[in-house]
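Following: one structure in structure tokens, then a few remarks.
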DNA sequence: TGTACATCAGTGAACGCGCGTTCACTGATGTAC
DNA sequence: TGTACATCAGTGAACGCGCGTTCACTGATGTAC
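The following block contains the structure:
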């Protein structure tokens, strides 16, 4: 055990990179990727609880038993997919944040969202679907990640001058509204017929209006 | 075939009610109910796509083949559950509407929502879960019903004086925001630990704030 | 560099299980006279 | 009302199927000398 660990460390040090990269390791990683990608692709059409190990290995082009060289069970594969999908979401929010003082924050944010949803359809579909799924373990994992995501957004909101004196709780409440609107926009894009740009345009327009309503309603809502 | 129909009409006329009510019919209805109730109960823990015909009949206390005396297949049972669940939702909105000029529309609406979610946990769970499920037919049915629901709400909104000159599209957009907030509130209630009134109280407080933000943000949002 | 042995990703046969659906049936309820 | 026949909700055996998981295996890659 210790030997294995030391060897791994040595490899990293010698190569200067984390990419282990012996032919055998490379092949193993390729198969692992094939399993994950196959699963994600199948999950565009069905939900995780009805996705079978055999379906995944069949699509990946390996024998069912090979699966166990990579994951203990299907749930472990599911958790890996959640991890990777939220990495994409964080990359998205980072990308939105890095736009310094754009002319129109809201329009630009929606554009970025649309871009990411289009580029990572399967991941968004998966998260949106399993968020309410019957698989307790996955649902819990997604719930935790979404709460984290919401907190990050709340922190961003706190930077806006006219939100500076809000309580954390209220900022979270607002972040919650925004996340809900963004999630349902993503769903709208995913469900829009792919050959209808008008349907997509409408989803985008609605999203912008909703965000505007939430953001610009803020300075006045306490007066109600 | 014609005879059967005539006989049915006669029965209704004679009895004066639609409740057919021969002992055999009554027993059949009881079994049908048992199948629907068993399915709904099982659906609190798992999603529809992984719910089996045999599980349902086992719980209902009949042999698997008896199922076919009541439904062609599981999807048909699912569609029936959707129908019944939306009946509950409409009853809820009707109940909210019938409150004439309550002191605080928003607080009262949230109270009514909470009440209905508590009384019909399984139905709300089912709709919330299958809304994004992998079963295309059910998802489509729920989508249609929700769109209808949103339109009804938009019509209600049009009655408020300061929304009178809004376009239908904008009213729908706002109804969409409200429905999203209500749905996520219902989810919050369902997921709150049953032994923690504080957790529930927080969900309720957040819901009220969100609705207030949406409603009172309205008169000012166009200025943004 | 060459050889002998170790590792281990992927194979293929086999298992027991729960599934949806078929079919011929039973016996209580309903109908006609 | 009583009898003879029809209906039909629910039964129980049987089927073929895809599933997850086990096990002993193979042969290419890796390691030690």
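Protein chains in written order, with the working numbering: chain A, 1 to 224; chain B, 1 to 224.
Quick reminder that beta carbons are idealized off the backbone N, C-alpha and C, glycines included.
Everything numeric in this text was worked out from a predicted model, so none of it was measured.
Rounded to a whole number of angstroms, what is the C-alpha to C-alpha distance between residue 183(A) and residue 161(B)?
Working through the first chain from its first residue, we reach residue 183(A) at position 183. Working through the second chain from its first residue, we reach residue 161(B) at position 161. C-alpha separation (whole angstroms): 31 Å.
Give me the subset of the segment 204 to 215 of chain A whose CB atoms are less than 9 Å from a CB atom of chain B, sorted by chain position.
205, 206, 209, 210, 212, 213, 214, 215
Report yes if the C-beta distance between residue 43(A) and residue 125(A) is below 9 Å; otherwise report no.
Position 43 of the first chain, counting from 1, holds the residue named residue 43(A). Position 125 of the first chain, counting from 1, holds the residue named residue 125(A). Contact flag set, yes.
Could you tell me the alpha carbon to alpha carbon distance between residue 62(B) and residue 209(A), rounded to whole angstroms?
The residue labelled residue 62(B) in the question sits at position 62 within the second chain. The residue labelled residue 209(A) in the question sits at position 209 within the first chain. Residue 62(B) and residue 209(A): Cα-Cα distance of roughly 53 Å.
Entirely within the segment 110 to 157 of chain A and at least 4 residues each: give me those alpha helix (DSSP H) ranges in chain order.
The qualifying runs are 121 to 130, 136 to 157.
Runs of alpha helix (DSSP H) wholly within the segment 21 to 97 of chain B (minimum 4 residues, chain order):
23 to 42, 53 to 60
Going by the CB atoms, is the gap between residue 164(B) and residue 158(B) shorter than 9 Å?
Taking the second chain and counting its residues from 1, the one referred to as residue 158(B) is at position 158. Taking the second chain and counting its residues from 1, the one referred to as residue 164(B) is at position 164. Contact: yes.
Roughly how many whole angstroms lie between the Cα atoms of residue 110(A) and residue 55(B)?
Translated into positions along the first chain, residue 110(A) becomes position 110. Translated into positions along the second chain, residue 55(B) becomes position 55. If I take the Cα positions, the gap works out to 44 Å.
Tell me whether the segment 58 to 74 of chain B and the segment 168 to 186 of chain B touch, counting them as touching only if at least three CB pairs, one residue from each stretch, are closer than 8 Å.
no
So with Cβ pairs under 9 Å, would you call residue 132(A) a contact of chain B?
Locating residue 132(A) in the first chain gives position 132, where the first residue counts as 1. Yes, because at least one Cβ of chain B sits closer than 9 Å to the Cβ of residue 132(A).
Within its chain, find whatever has a CB closer than 6 Å to the CB of residue 4(B); leave out the 5 residues flanking it on each side and keep chain order.
For the purposes of this step, residue 4(B) is taken as the residue at position 4 of the second chain. Residue placement at residue 4(B) cannot be trusted, given a pLDDT of 30 that sits under 50; the coordinates are not used to answer.
Report the residue from 66(A), 213(A), 48(A), 45(A) whose alpha carbon sits nearest the alpha carbon of residue 29(A).
Against the first chain, residue 29(A) aligns to sequence position 29. Cα-wise, what sits closest to residue 29(A) is 66(A).
Considering just the uninterrupted stretch of the alpha helix (DSSP H) at residue 176(B), what are its terminal residues?
To locate residue 176(B), count along the second chain from 1; it is residue 176. 168 to 191 is the span of the alpha helix (DSSP H), which, as asked, contains residue 176(B).
By DSSP, does residue 99(A) sit in helix, in strand, or in coil?
As a first step, residue 99(A) must be located in the first chain, where it is residue number 99. Three-state DSSP puts residue 99(A) in coil, outside helix and strand.
Mapping the DSSP letters down to three states, classify residue 160(B) as helix, strand or coil.
The residue labelled residue 160(B) in the question sits at position 160 within the second chain. Residue 160(B): coil per DSSP, three-state reduction.
For residue 207(B), which residues from the same chain have a beta carbon less than 7 Å from its beta carbon, with the 5 sequence-adjacent residues on both sides left out?
Here residue 207(B) refers to the residue found at position 207 when the second chain is read from its first residue. 110, 181, 185, listed in sequence order.
Within 9 Å (strictly less), CB to CB, does residue 128(B) reach chain A?
For this step, residue 128(B) is matched to residue 128 along the second chain. Yes, residue 128(B) counts as interfacial toward chain A.
Contact set between residue 104(B) and chain A, taken where Cβ atoms lie within less than 7 Å:
Counted from its first residue, the second chain places residue 104(B) at position 104. Those within 7 Å of residue 104(B) in chain A number zero; the least Cβ separation is about 11 Å.
Between the segment 87 to 96 of chain A and the segment 192 to 204 of chain A, do at least 3 Cβ pairs fall closer than 8 Å?
no
Please classify residue 103(B): is it buried, with 16 or more other beta-carbons within 10 angstroms of its beta-carbon, or exposed?
Your numbering for residue 103(B) matches position 103 in the second chain. Classification for residue 103(B): exposed.
Going along the segment 38 to 59 of chain B in order, which residues come within less than 9 Å of chain A, judged by CB to CB distance?
43, 45, 46, 47, 48, 49, 50, 51
Are residue 78(B) and residue 130(B) touching if we call contact CB-CB under 9 Å?
Counting from one through the second chain, the residue named residue 78(B) turns up at place 78. Counting from one through the second chain, the residue named residue 130(B) turns up at place 130. Contact: yes.
Is residue 153(A) closer than 9 Å to residue 123(A) when the C-beta atoms are compared?
Stepping through the first chain from its first residue, residue 123(A) is reached at position 123. Stepping through the first chain from its first residue, residue 153(A) is reached at position 153. Not closer than 9 Å, so no.
Run down chain B in chain order and give the residues with a C-beta less than 8 Å from the C-beta of residue 176(A).
By one-based count along the first chain, residue 176(A) stands at place 176. The contacting residues are 184, 206, 210.
Based on Cα-Cα distance, which residue from 198(B), 179(B), 99(B) lies nearest to residue 128(B)?
Taking the second chain and counting its residues from 1, the one referred to as residue 128(B) is at position 128. Cα-wise, what sits closest to residue 128(B) is 179(B).
Taking just the CA atoms, how far does residue 107(B) sit from residue 97(B)?
For the purposes of this step, residue 97(B) is taken as the residue at position 97 of the second chain. For the purposes of this step, residue 107(B) is taken as the residue at position 107 of the second chain. Their Cα atoms are separated by approximately 13 Å.
Does chain B have any CB closer than 9 Å to the CB of residue 224(A)?
Your numbering for residue 224(A) matches position 224 in the first chain. Reliability fails at residue 224(A), whose pLDDT of 43 lies under 50, so the model's placement of it is uncertain and no value is given.
Can you grab the Cα-Cα spacing for the pair residue 25(A) / residue 59(A), in whole Å?
The residue given as residue 25(A) occupies position 25 in the first chain. The residue given as residue 59(A) occupies position 59 in the first chain. About 21 Å.
Using a Cβ-Cβ distance cut-off of 9 Å, determine whether residue 73(B) contacts chain A.
As a working mapping, residue 73(B) is identified with position 73 in the second chain. No, because no Cβ of chain A sits closer than 9 Å to the Cβ of residue 73(B).
Beta-carbon of residue 158(A) versus every beta-carbon of chain B: anything under 9 Å?
For the purposes of this step, residue 158(A) is taken as residue 158 along the first chain, with counting starting at 1. Not one chain B Cβ lies under 9 Å of residue 158(A).
What does a CB cutoff of less than 6 Å around residue 86(A) pick up in its chain, not counting 5 residues either side in sequence?
Stepping through the first chain from its first residue, residue 86(A) is reached at position 86. Counting only Cβ-Cβ distances below 6 Å, and skipping sequence neighbours, we find 145.
Starting from the beta carbon of residue 181(A), find every residue of chain B whose beta carbon is closer than 8 Å, and list them in chain order.
Looking up residue 181(A) in the first chain gives position 181. The contacting residues are 177, 180.
With H, G and I counted as helix, E and B as strand and the rest as coil, what does DSSP make of residue 204(A)?
In the first chain, the residue the question calls residue 204(A) occupies position 204. Judged by DSSP in its simplified three-state form, residue 204(A) adopts helix.
Quick one: residues in its chain with C-beta nearer than 7 Å to the C-beta of residue 193(B), no 5 flanking neighbours on either side, listed in chain order?
Position 193 of the second chain holds residue 193(B). The residues are 199.
Kindly indicate if chain A contains any beta-carbon less than 9 Å away from that of residue 191(B).
Start at 1 with the first residue of the second chain, and residue 191(B) comes out as number 191. Yes - at least one Cβ of chain A is within 9 Å of the one on residue 191(B).
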